Every structure is written in C-alpha cells, then in structure tokens.
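Enquirer: A single structure is presented below for examination.
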Amino acid sequence: MIPRETAAGERRVALTPDAAAALVKTGLEVLVEAGAGEGAFHADAAYDKAGAKIVRDAGALWREADVAVKVQKPTLDEVDQLRSGAALVSFLQALTSPELVERLAARQITSFGMEGIPRISRAQKIDALSSQANIAGYKAVLIAAESLPKFFPMLMTAAGTVFAARILVIGAGVAGLQAIATARRLGAQVWGYDVRPVVKEQVESLGAKFLAFDLGVADAEDKGGYAKALSADAARRQQEMLGEKTKEFDVVVTTALVPGRAAPRLVTKETVAGMRPGSVIVDLAAEAGGNCELTEPDRVVVKHGVTIHGPTNLPATVPVHASQLYARNVTELLGELVKDRALNLDFEDEIVKGACVTHAGAIVNDAVKASLAAKKSA
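For the sequence shown, position 142 matches number 153 in this note's numbering, and the numbering has no gaps at all.
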C-alpha cells in the first residue's frame with residue numbers, strides 16, 4: 012500500500028502509476044491512499060487506470076496493508092496503525108532514529124531502510140540514496156546559480172569579457188559528482204575536493220580539477236565506498252587547508268556525510284568571513300548538522316556578505332523524476348523480497364542483510380544494533 016506522505020514539504024510518492032501497474036501485473040494488489048500522488052502530479056485516476064485500488068480512509072489503508080511503502084520514515088502513530096507482522100519499506104534513518112526502530116521491533120514489523128541498500132553491483136537498481144543524491148547535487152547548483160550575483164559561464168560581449176564563476180564542490184560522492192557535472196554544463200570553472208584520493212579520476216573525467224591536500228591519511232574510504240571519519244588532528248588540518256582555498260571561490264557546494272554521524276565540519280565561520288562578499292554556499296549536509304558552521308537547516312542566511320543555503324530535502328523539489336527513480340528502486344527491491352506473492356527473506360543475501368532493520372520482534376541489522384548500543388552507553 013502507498014500512503015500519502017505527511018512530512019512537511021514532501022511532494023514525492025513512493026510508487027508512480029507505471030510502477031503500480033508493474034506490480035499489479037505480477038499478481039499483487041496495490042492500495043493507494045487518495046491524493047498520494049498529487050504532489051508529484053499523478054492523479055488518482057492514473058493509479059486507477061494502472062489497476063491500483065484507491066482508498067480514502069487512511070486508517071483503513073494502514074490496517075489492511077501487508078506491505079507499506081513510503082518515502083519518508085513513518086511517524087510512530089503510523090507504525091502503531093500497521094498490523095503486527097506487516098512489512099514496511101521506506102527511508103528509515105535507522106542509525107539516528109532509535110525510538111522508531113524500537114517501536115517497529117515491538118510491533119513485530121519487518122522493516123527495510125532504503126538507506127541501508129549495500130553499494131554492490133547487483134543492488135545498483137535499488138540504490139535509492141544514489142538516485143535521490145543525484146537530484147540533490149543537480150538542484151544545489153541551480154540554487155547557487157540563482158543566488159550568485161554573477162554569471163556562471165564566461166561571456167565575451169561588446170561591453171567586455173565576463174569571466175566564469177569559480178566553484179568548489181566538497182565531497183565527490185554521487186551528489187558531489189552530479190553537482191560538478193551540472194556546474195560544468197552551466198559553464199563554470201569547477202574544482203572538486205574529497206578526502207578520498209581514489210575519486211580524483213572521476214572528478215577530472217567531468218572536466219573539473221581535483222583539489223588535493225596531504226592529510227597524512229592512508230585509507231580514507233570504508234568498505235561501503237563512503238569516506239571514513241577523520242582523526243581530530245586530520246580534521247583540523249583539513250579545515251585549515253580548506254579555509255585557505257575556499258576564499259578563492261565564488262560558490263562552495265558541500266556534500267560530505269558520514270552515515271549515522273554528524274556531518275564533518277569543513278567550513279568554519281572564520282572561513283566564511285574570509286570569502287568574498289556575494290559568494291554562495293549550498294550545504295547539502297544541513298540535515299546532519301551541516302558542513303558549514305553557520306548553516307541553518309531549511310533556511311537561507313547571509314553571514315559576512317555570504318549567502319548560505321541549508322536545504323534538507325532537495326529531491327522533494329523535483330518530485331516527478333525523484334518519484335520515478337525512487338519507485339524504480341522500490342519495485343526492484345520488492346522483486347528481491349517477494350516470491351509467489353509472499354515475503355521470502357534470505358538473511359544471507361547482502362541486500363536483505365543490509366536493508367532489513369527489524370524482523371520478528373527483534374532488531375536484526377548489525378550496524379543499527381551497534382548504533383543503538385552506543386547511544387545507550389553514552
């Protein structure tokens with residue numbers, strides 16, 4: 012079943028009509044709450060045509076569902092409405108949502124967090140973090156271009172030459188690489204920085220230059236392909252080196268995140284004070300505390316003449332394609348989990364092991380268990 016998203020500003024829907032039709036063809040019954048697709052411009056009639064059943068009573072929808080599929084993590088009230096033994100698929104933010112995870116276990120819900128999909132070849136079609144991060148990286152650069160009181164590209168006019176804007180993208184994961192590519196398409200001069208030297212080739216393949224610092228870190232990447240948290244000394248040196256370079260740029264887009272932890276602080280208030288007035292920072296780590304010390308989540312602030320954006324849900328501002336991509340991720344996951352119209356879970360499978368958070372009244376995900384144990388002992 013597909014409920015209407017209730018989080019403020021959320022316009023995505025977990026399944027598009029096309030995705031619903033594909034599931035119906037496999038013999039599954041798809042229930043959709045009335046109006047669930049409106050934010051992404053999908054009318055109830057389109058779901059009806061796809062073979063889904065429109066349900067107007069949200070409470071009945073939750074109570075009837077065998078599998079609930081959402082974008083945003085459910086509220087505790089929504090969890091309580093699910094029948095015991097049902098399954099849930101959504102972004103759960105399980106590493107930082109202990110109360111939600113414990114409630115899911117207590118309610119005997121089998122839950123899958125889309126943020127836990129492992130980054131392996133077989134799971135690429137299910138990788139919702141990447142599909143949504145692509146959108147965030149793209150939109151971040153458009154926000155910067157709109158805010159910057161300069162052109163992005165170089166222009167040669169009768170009145171003189173306008174030089175291209177200089178842009179630094181910090182973090183060369185999926186969002187960062189898309190931000191680099193988008194800024195290049197808009198004609199800017201672009202540099203990329205990442206603590207992982209291995210991404211240098213990817214940055215340069217997009218036509219950008221790679222900003223390299225010697226932090227004395229031998230292995231900066233974990234087995235999942237994410238950047239590891241730096242030591243206090245290495246983090247301090249990184250701040251200092253970035254502080255010296257950042258003042259040279261018109262735009263800084265930050266995307267650095269470590270799963271389950273506060274975002275690394277890369278841009279200090281002193282660094283912002285040293286930037287040219289009119290410069291722009293777009294901080295994609297705002298929801299996790301921000302890479303910039305002066306970022307305020309979901310606000311645009313001006314400090315020392317620098318405009319700082321702290322968006323927390325950019326994919327929701329591109330709901331048509333964000334929903335299309337997420338729906339593909341979800342249907343591919345359901346294809347792995349559902350056999351003969353029933354959940355068939357193999358906990359030796361990497362995808363199930365990585366994504367499943369709770370099952371049969373227990374927290375079964377090792378990373379989530381470790382995170383909850385650490386919080387309780389702190």
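Where is the CB? At the ideal position from N, CA and C, for every residue including glycine. Note that the structure is predicted; figures quoted are calculated from it, not measured.
If you draw a straight line from the alpha carbon of Ala-190 to that of Gly-48, how long is it in whole angstroms?
Expert: Roughly 28 Å separates the two Cα atoms.
Enquirer: Using CA coordinates, which residue listed in Glu-212, Ala-274, Trp-73, Met-286 is at the minimum distance from Ala-297?
Expert: Cα-wise, what sits closest to Ala-297 is Ala-274.
Enquirer: Quick one: give me the first and last residue of the alpha helix (DSSP H) that Met-252 is part of.
Expert: That run of the alpha helix (DSSP H) goes 243-257.
Enquirer: Roughly how far, in whole angstroms, is the beta-carbon of Lys-136 from the beta-carbon of Arg-339, given that I think they are within contact range, below 8 Å?
Expert: Yes, they are in contact, since the Cβ atoms of Lys-136 and Arg-339 sit about 7 Å apart, within 8 Å.
Enquirer: Apply the 10 Å Cβ neighbour rule to Pro-164 and answer buried if 16 or more other Cβ atoms are within range, or exposed otherwise.
Expert: Answer is exposed; the Cβ neighbour count stays below 16.
Enquirer: CB Ala-63 to CB Val-41, shorter than 7 Å?
Expert: Closer than 7 Å, so yes.
Enquirer: Could you compute how far the alpha carbon of Leu-268 sits from the alpha carbon of Ala-169?
Expert: Their backbone Cα atoms lie some 45 Å apart in a straight line.
Enquirer: Rank Gln-250, Thr-86, Trp-73, Thr-265 by C-alpha distance to the C-alpha of Glu-281 and give the top, closest one.
Expert: The shortest C-alpha separation from Glu-281 is found at Gln-250.
Enquirer: Ends of the beta strand (DSSP E) at Thr-193?
Expert: Counting along the chain, Thr-193 falls outside any beta strand (DSSP E), though it belongs to the alpha helix (DSSP H) covering 185-196.
Enquirer: With a 10 Å radius around its C-beta and 16 neighbouring C-beta atoms as the bar for buried, classify Leu-277 as buried or exposed.
Expert: Buried.
Enquirer: Given Ala-371, which residues of its chain have a CB within under 8 Å of its CB, disregarding the five upstream and five downstream residues?
Expert: These residues qualify, in order along the chain: Gln-119, Thr-121.
Enquirer: Does Asn-145 pass the burial test, meaning 16 or more other C-beta atoms within 10 Å, or should it be called exposed?
Expert: Buried, because 16 or more other Cβ atoms sit within 10 Å of the Cβ of Asn-145.
Enquirer: How many Å lie between Val-363 and Leu-72 at the Cα?
Expert: Cα to Cα, Val-363 sits roughly 26 Å from Leu-72.
Enquirer: Taking 7 Å as the cut-off, decide whether the C-beta atoms of Pro-28 and Ala-61 are in contact.
Expert: In this structure, Ala-61 lies closer than 7 Å to Pro-28 by Cβ.
Enquirer: Which of the three DSSP states, helix, strand or coil, is assigned to Val-262?
Expert: Three-state DSSP puts Val-262 in a strand.
Enquirer: Does DSSP put Asp-91 in a helix, a strand or coil?
Expert: Here Asp-91 sits in helix by DSSP.
Enquirer: Can you check which of these residues, His-320, Val-185, Val-206, is closest to Val-291 by C-alpha distance?
Expert: It is His-320 whose Cα lies nearest to the Cα of Val-291.
Enquirer: Would the beta-carbon of Arg-1 fall within 7 Å of that of Val-201?
Expert: Past the edges of the chain, shown from 12 to 389, lies residue 1, and the structure says nothing about it.
Enquirer: Among Gly-171, Leu-87, Gln-92, Arg-67, which residue has its Cα nearest to the Cα of Val-78?
Expert: Of Gly-171, Leu-87, Gln-92, Arg-67, the residue nearest in Cα terms is Gln-92.
Enquirer: So Val-331 packs on Ala-155, CB below 8 Å; how close in whole Å?
Expert: About 22 Å separates the two Cβ atoms, so there is no contact after all.
Enquirer: Contact defined as beta carbons within less than 8 Å: I believe Lys-314 pairs with Leu-325. What is the distance between those atoms, to the nearest angstrom?
Expert: Actually they do not touch by this definition, with Cβ atoms about 21 Å apart.
Enquirer: When you compare only the Cα positions, how much space is there between Glu-8 and Lys-258?
Expert: Residue 8 falls outside the range modelled here, since the chain spans only 12 to 389, and no answer is possible.
Enquirer: Ala-299 to Met-12, Cα distance in whole Å?
Expert: Their backbone Cα atoms lie some 30 Å apart in a straight line.
Enquirer: Taking the continuous beta strand (DSSP E) assigned at Ala-273, which residues delimit it?
Expert: Unbroken run through Ala-273: none, as it is neither H nor E.
Enquirer: Can you name the residues that DSSP bridges to Gln-104?
Expert: Paired residue(s): none; Gln-104 is not in a bridge.
Enquirer: Only counting the same chain, and skipping five residues up and downstream in sequence, which positions put a Cβ closer than 7 Å to that of Lys-150?
Expert: Result list for Lys-150: Leu-325, Thr-328, Val-329, in chain order.
Enquirer: With DSSP as the reference, identify every bridge partner of Val-293, one or two as the case may be.
Expert: DSSP, once it has assigned bridges, lists Val-264, His-320 as partnering Val-293.
Enquirer: In this structure, does DSSP put Val-363 in helix, strand or coil?
Expert: Note: Val-363 maps to helix in three-state DSSP.
Enquirer: Taking Gln-335 as the reference, which of His-53, Gly-46, Val-90 has the closest Cα?
Expert: When only C-alpha atoms are compared, the closest one is His-53.
Enquirer: With which residues is Val-206 paired in a DSSP beta bridge?
Expert: Note: Val-206 sits in no beta bridge, so no partner.
Enquirer: In three-state DSSP terms, what is His-370?
Expert: Strand.
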